[in-house]
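Student: Structure in structure tokens, see below.
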Amino acid sequence: MLACLKQEIPQWVLGTSNYHFAREFDLKPIGTIAHEWFMGHQALVNERDSQQVALERWLTAFDGMLAIAPTDTLTIDAFLNDFNRHLANAYDGVRHDSGCPFRWGDKMIAHYQQLGIDPTTKLFIFSDGLDFDQALELCEYFAGRVKISFGIGTFLTNDLANWRNAAGVEYRPLSIVIKLAECQGRPVAKISDQPEKAMCEDPIFLANLKRRFNIELDVDALIQELRHQKRSPRHYISAA
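Under the numbering used here, the first residue of the sequence shown is numbered 15, with each subsequent residue one higher.
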């Protein structure tokens, strides 16, 4: 696929996040910080400080380079609360991976403006289940407001369009996501701006993480999940 794109539309292929293919096809290695970086820090430092510490440590580790941050490990609102003027200036841009991309972009632009930063100097990377039509819509909507780029995965690598099998069942691509469950024996979580993308194996940890970041918590659903796991809701109530 990369060989075909490089041959047919080289001016639109900026690079690849796969370092092996970048070397093989002489492409620029590009990408963003993985959610796992932020998730791991939940177990390494105080949970409430984890996102800001992760952002600071990344800048230190890579000397300010590779500075594109995903915003939805703990929801966009929780991210913006930690994305202060220093960090917003230091990072080249941000990545959208869940929720409405238009509302997300408007919110990010407003945040930059509130901090006194020109949004047109920042790069927005969109990577949430995109196809070419959606990418064009985003291009038109954000034209002249920010710099934009796209990470198009499934549509390029597994595009079977409206294919149906002999029984008439429409093809649906697999959704394969790898995230951390624990770090150093402690639970971690990804909350996301899209409930289907949330990942955490410990409901008590998830509930406490949401409370620390002022994220809405469904207490009834929590109690139901604890009872399903045969764990006492009192563990959460006593920690409140």
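Beta carbons: idealized from backbone N, C-alpha and C, even for Gly. Here the structure is a predicted model, which is why all the values come from computation and not from measurement.
At what residues does the alpha helix (DSSP H) containing G119 begin and finish?
Tutor: Start and end: P115 to Q128.
Student: Helix, strand or coil for L137 per DSSP?
Tutor: Strand, per DSSP.
Student: When you compare the CB positions of T89 and D234, do they come within less than 8 Å of one another, or not?
Tutor: Not a contact, by the Cβ cut-off of 8 Å.
Student: Alpha carbon to alpha carbon, what distance is there between E70 and A195?
Tutor: Each residue's Cα considered, the two are about 23 Å apart.
Student: Going along the chain, which residues of its own chain have a beta-carbon closer than 6 Å to the beta-carbon of L41, five neighbours each way excluded?
Tutor: Contacts found: G29 and T30.
Student: Please check the pair V108 and T85, which I expect to be a contact at CB under 8 Å, by giving their CB distance rounded to whole angstroms.
Tutor: Indeed they touch by this definition, with Cβ atoms about 5 Å apart.
Student: Hey, would you say V9 sits closer than 8 Å to Q25, going by beta carbons?
Tutor: Past the boundaries of the shown model lies residue 9; the chain is included only from 15 to 254, so the question cannot be answered.
Student: Where do the ends of the alpha helix (DSSP H) carrying P217 lie?
Tutor: Segment P217 to R226, the alpha helix (DSSP H) holding P217.
Student: Among V59, D111, R117 and M53, which one has its Cα closest to the Cα of E210?
Tutor: The shortest C-alpha separation from E210 is found at D111.
Student: Could you check where the alpha helix (DSSP H) with V108 kicks off and where it finishes?
Tutor: It is not in any alpha helix (DSSP H) - V108 instead sits in the beta strand (DSSP E) that spans G107 to H110.
Student: Near A36, which residues of its chain fall below 7 Å by C-beta distance, leaving aside the five closest residues on each side in sequence?
Tutor: Only G29, T30, K42 and P43 meet the Cβ criterion.
Student: Rank D96, N98, D91 and V27 by C-alpha distance to the C-alpha of G119 and give the top, closest one.
Tutor: The candidate whose alpha carbon is nearest that of G119 is D91.
Student: Mind listing, in chain order, the continuous alpha helix (DSSP H) runs of no fewer than 4 residues lying wholly within the segment 165-221?
Tutor: The qualifying runs are 168-171.
Student: Would you identify the three-state DSSP class for S163, choosing helix, strand or coil?
Tutor: Looking at S163 - three-state DSSP - the assignment turns out to be strand.
Student: Taking the alpha carbon of D132 as the point to measure from, which residue in S141, D147, G158 and Q148 has its own alpha carbon closest?
Tutor: Measuring from the Cα of D132, the nearest candidate turns out to be G158.
Student: Look up T85 in the DSSP assignment and say whether it is helix, strand or coil.
Tutor: T85: coil per DSSP, three-state reduction.
Student: In this structure, what does DSSP give as the bridge partners for P43?
Tutor: Answer by DSSP bridge pairing, in chain order: T30.
Student: By how many angstroms is the C-alpha of P187 removed from the C-alpha of T171?
Tutor: Their backbone Cα atoms lie some 10 Å apart in a straight line.
Student: Excluding the 5 residues flanking H34 on each side, which residues of the same chain have their C-beta closer than 6 Å to its C-beta?
Tutor: Answer for H34: no residue qualifies.
Student: Would you mind stating whether H49 and T74 have Cβ atoms separated by less than 8 Å?
Tutor: For H49 and T74, no; Cβs fall outside 8 Å.
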